[in-house]
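Numbering (my numbering), first residue to last: 6 to 547.
Working notes for the structure below.
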């Protein structure tokens, strides 16, 4: 028996410091899940992992604000997000946590691999310090004006507006706790000596980046051209993964510090995979040390450098035989009515609120349409209304149901060769784009097929041939094949609704070969009208 090709999908780990808005769906959750479901129905063996990023300043800051421990914040939001993803239809094989002992142990092993290869060193650096509270303020505890784009509200480690990483050079830095100005004070830190392995990273990027999105490749090479700089691995914080005891023996000051979250979180892709393999009693190396396995990663553009440079560097240092990322599918940002998402400014639309009101599939379909692959895009209520009514319901679901209602209690024949060829040609193009992470193009191909189906039924008017059984069945057999292909191609995007109709037709969610068409069509018999799954929104909605 031929072994199935392996696909690994790593999905960005959201912080567990609050409810998630729809930007997360368009940014990384939906593209990852579409890819997972597409490869599954194409016959591949797929492992998709993610989890809660439990450490870092977003969690500790939220905990301090509420007067509770970081552990309590994690305890509140981890199960909440897990339930949310299930309701949204995100089909993780495992949704892990970075505060799990299994993960922490692996992070320490990664740090030790850098230590053993003399890629760590200590030096004093300046960090923001709160004189009033007599404490260092890492990352998100500080905000100020970005020195690159002048955005006021940039955080201490990275600017949310331009995405640039900031190293203690904010203009007018102030504490988010007290609102007062902070100073820079010396602290002893451990650094990773990235310049030492830049050549190996460059070699990897040159080899793999031919298949990356043009803007991702360009930005990655720009980083490498400037030359990698040593980057702090330690943080003055008490919530996080502790340094290995072997290293603390040499550098005792690390006992009071924790491993920086940027290094810790990405290790979750491997720790989740290993833990999943352990509980399922499978070999993780089938996905991670397999030349025939492909690795896809999904995240927002603020995480670009961590996945195209630093994570590959961490992996090759930890184990030279391990698989490196093949497709870092990084999206731009989704805005809301042209404005950046901001909880404090009230510019927010939570995933839970949306799916409770409209359902998961309408959100997933609209996010597919406006996915920010090449540039920032924006959610618009007006555009959602038109897309939902005109495309999602009228062009897609009304066409599918129209065919099924019209051809109740019909024994179908083999579709025409012309329709078979065209349908497989469409599927081939659709598959080609999804394999490359080209979701916008896959959407266009899908809509072309939708238009073809609607045009065929409108032009041929099959209801006119009810008295001509041969013509009626011949045309119906072509139309039912189009319906099947539409349901299968839409399944990775809208799994809930398509599953209902595929079960109704007694068809498994799996792409099939031309040789299987006769058997599939022969088994279809529509006994009664299928239920209407979606109702149009009224004009008063806007």
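Beta carbons: idealized from backbone N, C-alpha and C, even for Gly.
Using 8 Å as the threshold, is the C-beta distance between residue 39 and residue 359 below it? no
For residue 103, name the three-state secondary structure that DSSP assigns. coil
Quick check on the burial criterion: 16 or more other C-beta atoms within 10 angstroms. Buried or exposed for residue 402? buried
Please classify residue 350: is it buried, with 16 or more other beta-carbons within 10 angstroms of its beta-carbon, or exposed? exposed
Residue 4 burial status per 10 Å Cβ neighbour count (16 or more: buried): Here the chain covers residues 6 to 547 and nothing more, so residue 4 does not appear.
Looking at the unbroken beta strand (DSSP E) that takes in residue 131, where does it start and where does it end? 125-135
Report the rounded CA-to-CA distance for residue 25 versus residue 378, giving the unit in angstroms. 20 Å
For residue 305, the nearest candidate out of 380, 386, 366 and 91 (CA to CA): 380
Start and end of the beta strand (DSSP E) containing residue 13? 11-16
Taking 6 Å as the limit between beta carbons, can you name the residues of its chain near residue 470, skipping five residues before and five after? 476 and 477
Buried or exposed: where does residue 22 fall if 16 or more other Cβ atoms within 10 Å of its Cβ makes it buried? buried
Contact between the segment 124-138 and the segment 188-198 (3+ Cβ pairs under 8 Å): yes
So, with DSSP's three-state summary, where would you put residue 178? strand
Going by DSSP, what residue range makes up the beta strand (DSSP E) through residue 333? 332-336
CA nearest to the CA of residue 530, picked from 445, 473, 472 and 408: 408
The segment 438-447 / the segment 510-527 touching (three or more Cβ pairs under 8 Å): no
Is the separation between the beta-carbon of residue 330 and that of residue 302 shorter than 8 Å? yes
Nearest-angstrom Cα distance between residue 175 and residue 186? 11 Å
Coil, strand or helix - residue 496 by DSSP: coil
Quick check on DSSP: helix, strand or coil for residue 340? strand
Cα separation between residue 11 and residue 53? 11 Å
Looking only at its own chain, which residues have a Cβ that is under 6 Å from the Cβ of residue 372, when we skip the five neighbours before and after it? 30, 31 and 35
Could you check which residue in 364, 396, 400 and 346 has the C-alpha nearest to that of residue 384? 346
Separation of residue 533 from residue 70, as counted between CA atoms: 57 Å
Is residue 269 buried or exposed, if buried means 16 or more other CB atoms sit within 10 Å of its CB? buried
Cβ shell of residue 318 (< 6 Å), same chain only, five flanking positions each side left out: 202 and 206
Among 204, 344 and 467, the one whose alpha carbon lies nearest that of residue 232: 204
Can you give me the C-alpha to C-alpha distance between residue 123 and residue 140, rounded to a whole angstrom? 31 Å
Could you tell me whether the Cβ atoms of residue 3 and residue 365 are closer together than 8 Å? There is no way to answer for residue 3, as the model of the chain reaches only from 6 to 547.
Beta-carbon within less than 8 Å of residue 441's beta-carbon, same chain only, minus the 5 sequence neighbours each way: which residues are those? 216 and 332
Return the residue from the list 310, 541, 356 and 252 that minimises the CA-CA distance to residue 396. 541
Is residue 413 helix, strand or coil when you go by DSSP? coil
Less than 8 Å separating the beta-carbons of residue 218 and residue 398? no
Need the endpoints of the beta strand (DSSP E) that residue 382 sits in, please. 382-384
Quick one: which unbroken beta strand (DSSP E) runs of 3-plus residues sit fully inside the segment 359-447? Chain order, please. 382-384
What's the call for residue 278, buried or exposed, on a 16-neighbour Cβ count within 10 Å? buried
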